[in-house]
Structures are given as structure tokens and as C-alpha cells.
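Read the structure below first, then the notes.
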Amino acid sequence: MAKIATVLKLWKSTKLSSILYSHSKGNDFHHSRAAYYPNSDEHGTDVGACGFGSFGATINGGDVSAASDLYRNGVGCGDCYQVRCTNSHYCSDKGVTVVITDQGSGPNTDFILSRRAFGRMAQTKDAAASLLALGVVDIEYRRVSCSYPNKNITIKIDENSNYPYYLAFILWYQQGDKDITAVQLCETQNFVCKLLDRSYGAVWTTTSPPSGPLSLRMLLSGEDGDESWIVPVNNIPENWKAGETYDTGVQIDI
């Protein structure tokens, strides 16, 4: 069972939040268009701009999407959206919930869905075939909370990491509808912290990382301008390894 993270309240940054949420604020639906990956095997791509790798093709059962403006220089990676097409002959009212794992754009489109997700907007299998034949459809979308039952936020050490000189990692399974806008890495003995760089997408990096077991701190930013730090229960082990995953022991309550 996931423990709810210790949260430390911070000052509000209205300017930052207005930039982050300018395209998705509130529960209202926004109008756009959606296409799909024409060469995908139902799922998304494993080389997406978010840096998720093969995880980015299969997360959320393969209901994933590339985004254009909503990618937001990588801040939008891992965000969840309810997307529904508007053709009443083919489309369901519920639509599909997708996770942003890539950056991409088409003619006046905000989403490029996996084939699986594109078809799941339809009412029936026959309707899904008709949607796929259209290729591009009008849609409505809104930001929603991500949900990963029985999962904690997980640290995936990037394969390009080189212990102890270079550390890169991605955060998996973040619930809720807030963005991780900053990450600190701290030595657990003397509490010296280092602010990490967002290298690209959802990949956080640092050269000459601190030594010893490492404590992580993640800054969550909400659409109302509220900011708070989430502090994992578990540390990154002293002898971390490229390719390994580490359970933080915490999850965001939704």
C-alpha cells in the first residue's frame, strides 16, 4: 500500500503556473483534432521524446499519445487527458484517457494517439475501423488525474547513466494532475542538495552527483499556483546502477 508523501508547502508562483496550464486549465473541454501513429502496432512508440523508452509504449495499457503544445518542453510528459471524438455516428461519450509520452504534431492537431487509443474513442469495433479509416478526427479534450492503483512513484535510472560520474533518471507512475517542475537530489548525511537539470522530456540529469544514499525531492505545481515538495520514503541506494528501478515508497493522493 502506497504511503502518502510528506508535503512541504512552498510559496506560490502564479506566473509559472499560468504558463504551465495555459492550454489545459480547469475541467472544461477544449476543441482540437487528433490523428494516430500510422505505423504503430496498437501501442505507442518506444523512442518518444519524453525519454520513457519501451515503458512509454505500454504504460496505461498502450493508451498513449504524442502532443504538440501540450508537451510543454517536457513538462507535459506523463500528463493524462480525456480525449473524445465528436462524430456522433462513431464516437462514445466517454472517449479514452491517454498518457503523454511523446512530442508530435499534424495538421491542426493537439494529439497523435496510438492506434489502440484512437480506436477506443469509438462506440464499437466497427465504429473503430471507420475512425481509423478517417485518419484525423475532431475531438474534445481535458486534463484529468492519472491513476496507477497499487503503484508508487518509481525511479528508473537511465541506461546512459555512468556511476558515479553521471546520473540520469525518469519518474514513473506519478498520479494526480500536477506537474513535477523541479527535482533536488540530496545527500542523506549532511543534507547538501543539488538542483537537477531537465535534460529533455521527462529525463532529469546531473554530473558529479552527490555520494552515498540519495534522497529525492520533487516540486509539484498545480493549476491554482500552489506548489509543494513531495519527499519519498525510500532513498536511491549508494551504489545505484544504470537500468535499475527504485520504488520511492510514496504516491500522490487523488
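Going by UniProt numbering, the first residue of the sequence shown is number 1, and it counts up by one from there. Even glycine gets a Cβ: it sits at the ideal position worked out from N, Cα and C.
Item to check | Helix, strand or coil at D224 according to DSSP, with G and I counted as helix | outcome: Note: D224 maps to coil in three-state DSSP.
Checklist entry - Who pairs with M218 in a beta bridge, going by DSSP? => result For M218, which the question treats as bridged, DSSP gives the partners V183, I230.
Checklist entry - Measuring CA to CA, which of R115, K125, V75, G104 is closest to H89? => result Minimum Cα distance to H89 is reached at K125.
Item to check | Spatial distance of I236 from Y166 (CA atoms) | outcome: Taking the Cα positions, I236 is about 14 Å away from Y166.
Item to check | Pick from H31, D179, V75, R115 that is closest to G51, judged by C-alpha positions | outcome: Nearest C-alpha to G51: V75.
Checklist entry - Taking the C-alpha atoms as reference points, what is the distance between L185 and K241? => result Going by the C-alpha atoms only, they are around 16 Å apart.
Item to check | Given 8 Å, three or more beta-carbon pairs between the stretch 156-170 and the stretch 195-203 | outcome: Touching, per the Cβ criterion.
Item to check | Buried or exposed by the 16-neighbour rule on C-beta atoms within 10 Å, applied to E227 | outcome: Its Cβ being crowded by 16 or more others within 10 Å, E227 is buried.
Next on the checklist: Please report the distance separating the alpha-carbon of V64 from that of Y81.
Outcome noted: V64 and Y81: Cα-Cα distance of roughly 10 Å.
Next on the checklist: Please report the distance separating the alpha-carbon of L131 from that of D197.
Outcome noted: Going by C-alpha positions, L131 is about 41 Å away from D197.
Item to check | Cβ-Cβ distance between I254 and L220 below 8 Å | outcome: Going by C-beta atoms, I254 is not nearer than 8 Å to L220.
Checklist entry - Is G78 near I100, with beta carbons less than 8 Å apart? => result If you check the CB distance, G78 and I100 come in under 8 Å.
Item to check | Residue span of the alpha helix (DSSP H) that contains A128, given as start and end | outcome: 125-134 is the span of the alpha helix (DSSP H), which, as asked, contains A128.
Item to check | Segment limits, beta strand (DSSP E) that includes F111 | outcome: Residues 111-113.
Checklist entry - Would DSSP call Y71 helix, strand or coil? => result In the structure shown, Y71 sits in a helix (DSSP, three-state: H, G or I).
Checklist entry - Using a Cβ-Cβ cut-off of 7 Å (strictly less than) and excluding sequence neighbours within five positions of D247, which residues of its own chain qualify? => result For D247, where only same-chain residues beyond five positions count, the Cβ hits under 7 Å are N152, T154, N234.
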